[in-house]
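Everything on this sheet refers to the single structure shown next.
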Amino acid sequence: MVLADILHKKELDRNDLIALLCITDPDELQALYDAAYAVKAANVGRVVYYRGLIEFSNRCIKNCRYCGIRRDNEEVERFDTARDDILAMARWSYDNHYGSLTLQSGERQDREFIEYIEALVRDIKQLSGGKLGITLCVGEQTEDTYRRWFAAGAHRYLLRIETSNPSLYATLHPQDGHHRWAVRKQCLDALRAVGYQVGTGDMIGLPGQTAADLADDILFYRDMDIDMIGMGPYVVHHHTPVGVDVMLRGLDSDQEKLRRLQLGLKMIAVTRIFLPDVNIASTTALQALHPLGRELGLKAGANVLMPIVTVPKFRSQYLLYDNKPCVDERPEQCKDCLSARVASVGDTVGLGQWGDSPHFSHKR
Ligand code: SAM
Ligand code: SF4
Numbered sequence: 001m002v003l004a005d006i007l008h009k010k011e012l013d014r015n016d017l018i019a020l021l022c023i024t025d026p027d028e029l030q031a032l033y034d035a036a037y038a039v040k041a042a043n044v045g046r047v048v049y050y051r052g053l054i055e056f057s058n059r060c061i062k063n064c065r066y067c068g069i070r071r072d073n074e075e076v077e078r079f080d081t082a083r084d085d086i087l088a089m090a091r092w093s094y095d096n097h098y099g100s101l102t103l104q105s106g107e108r109q110d111r112e113f114i115e116y117i118e119a120l121v122r123d124i125k126q127l128s129g130g131k132l133g134i135t136l137c138v139g140e141q142t143e144d145t146y147r148r149w150f151a152a153g154a155h156r157y158l159l160r161i162e163t164s165n166p167s168l169y170a171t172l173h174p175q176d177g178h179h180r181w182a183v184r185k186q187c188l189d190a191l192r193a194v195g196y197q198v199g200t201g202d203m204i205g206l207p208g209q210t211a212a213d214l215a216d217d218i219l220f221y222r223d224m225d226i227d228m229i230g231m232g233p234y235v236v237h238h239h240t241p242v243g244v245d246v247m248l249r250g251l252d253s254d255q256e257k258l259r260r261l262q263l264g265l266k267m268i269a270v271t272r273i274f275l276p277d278v279n280i281a282s283t284t285a286l287q288a289l290h291p292l293g294r295e296l297g298l299k300a301g302a303n304v305l306m307p308i309v310t311v312p313k314f315r316s317q318y319l320l321y322d323n324k325p326c327v328d329e330r331p332e333q334c335k336d337c338l339s340a341r342v343a344s345v346g347d348t349v350g351l352g353q354w355g356d357s358p359h360f361s362h363k364r
């Protein structure tokens with residue numbers, strides 16, 4: 001079936017999603033991105049919302065086989081950002097009219113960490129008179145912990161499922177009982193039960209991942225009633241088991257990187273067309289593969305950006321993958337650079353607004 005026929009269907013099925021994800025013809029690709037941008041304009045508007053991203057610690061109890069800050073990477077110098085430094089970055093974000101913040105770190109489940117996050121969320125809410133929205137992205141926790149952090153003032157939570165295919169998930173994680181797909185899915189259910197706006201996403205272009213897997217990821221977002229999506233291309237980290245394997249198999253050539261970038265953009269476009277009212281982030285990983293990756297993401301239907309607000313001295317220690325952009329920049333530079341990127345697409349920035357997912361608001 002040709003692209004126009006698929007796009008005119010009232011409801012797309014799995015085969016349609018696969019067909020769209022397999023498009024490679026440049027004219028058809030452009031038509032797909034244009035169609036997704038039109039869906040974005042009609043449903044969430046041509047407004048981009050910022051979530052200032054504070055990567056506050058790279059300590060992690062997990063050992064995901066693709067991630068640069070995995071527990072066993074002994075090359076990584078571990079850091080914790082001082083509480084006052086995090087609060088200073090939160091204040092900077094507030095003063096610069098970022099509507100909300102995302103607090104991200106490696107995963108820990110100990111009591112000290114749980115209490116620390118709880119107090120931090122309260123402090124950030126207080127310093128902004130309740131105005132800064134807070135998204136947490138700190139991994140798998142118990143429902144009780146999610147509830148405590150929600151009560152403290154966090155209202156969104158991002159936990160990528162990474163892939164909706166449990167067998168593929170198993171190849172990407174150690175089989176030690178601590179990295180279980182079913183537990184990750186249960187966490188998403190728990191977050192929904194607590195009342196968060198729930199975000200998830202996948203890595204795109206993983207070794208062994210098929211177009212059908214990616215189509216199933218989009219169906220997973222629908223079936224899990226997800227409000228916001230933060231997905232992005234898989235990018236090699238040289239000192240990880242998956243990264244080494246990919247490099248040895250010659251799967252990290254410039255051509256392969258371009259393929260993963262294109263797949264990442266197609267995922268944004270097809271997800272936007274299939275789930276018109278969710279928030280979709282144009283992630284930094286797109287820019288790791290192409291200097292204009294994030295603009296291309298906005299043009300393909302994304303409506304959220306996550307400017308890095310991490311304390312500059314720690315940026316080079318939070319390297320999930322190689323060639324991470326913005327590592328040498330200060331928050332002011334990131335802000336100016338992103339405004340220019342948004343303007344170049346013809347969108348505007350929703351300054352000072354939470355920019356909640358319309359999908360979440362529609363359910364209320
Ligand atoms: N530790 C928490 C967790 O895993 O949910 C939050 C932080 S973790 C660094 C955030 C995301 O980084 C993961 O969900 C994963 O998708 C992404 N990530 C890790 N390594 C990556 C890589 N090599 N390429 C692209 N994304 C990667
Ligand atoms: Fe830790 Fe998250 Fe990296 Fe996994 S992806 S090793 S949980 S920081």
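For what it's worth, the UniProt record's numbering labels the leading residue of the sequence shown as 1, then goes sequentially. By construction, the Cβ of each residue, glycine as well, lies at the ideal position given by its N, Cα and C atoms. On a predicted model such as this, the values are computed, not experimentally measured, just so you know.
In three-state terms, what does DSSP make of residue i?
i	result
Met89	helix
Asp322	coil
Cys22	coil
Ala340	helix
Gly195	coil
Glu55	strand
Val278	coil
Leu103	strand
Tyr66	coil
Thr81	coil
Ile117	helix
Met267	helix
Pro291	coil
Ile161	coil
When we look at the beta-carbon of residue i and count the other beta-carbons within 10 Å, is it buried (16 or more) or exposed?
i	result
Glu332	exposed
Gly130	exposed
Thr210	exposed
His178	exposed
Thr348	exposed
Val2	exposed
Gln141	buried
Asn279	buried
Lys363	exposed
Ser357	buried
Gln287	buried
Asn222	One point to set straight first is that residue 222 is Arg, not Asn, in the sequence displayed. Result: exposed.
Using a Cβ-Cβ cut-off of 7 Å (strictly less than) and excluding sequence neighbours within five positions of residue i, which residues of its own chain qualify?
i	result
Arg147	Val194
Thr171	Gly208
His155	Gly133, Ile134, Tyr196 and Gln197
Tyr318	Glu55, Asn58, Ile69 and Thr310
Ile218	Leu17, Val270, Thr271 and Phe274
Gly201	Arg160, Ile229, Gly230 and Met231
Asp72	Asn63
Pro312	Arg330
Thr81	Phe56, Ser57, Val311 and Phe314
Are the beta-carbon atoms of residue i and residue j separated by less than 8 Å?
i	j	result
Ser282	Ala269	no
Asp216	Ser164	yes
Cys326	Thr271	no
Leu101	Tyr157	no
Leu320	Cys60	no
Gly230	Arg160	yes
Ile204	Leu289	no
His173	Asp277	no
Gly352	Gly139	no
Ile23	Leu32	yes
Gly293	Val48	no
Spatial neighbours of residue i within its chain, please: C-beta separation below 6 Å, excluding the five flanking residues on both sides.
i	result
Gly243	Val236 and His237
Ile273	Ala36 and Val39
Thr145	Ile114
Check the Cβ-Cβ distances between residue i and every residue of chain D, and say whether any is below 8 Å.
i	result
Ile226	As a matter of chain content, chain D is missing from the structure shown, which is built from one protein chain.
Problem - Inter-stretch contact at 8 Å, needing at least 3 Cβ pairs: the stretch 116–136 / the stretch 333–348 - result: no
Handout entry: Validate contact between the stretch 291–302 and the stretch 248–259 using beta carbons, cut 8 Å, 3 pairs
Key = no
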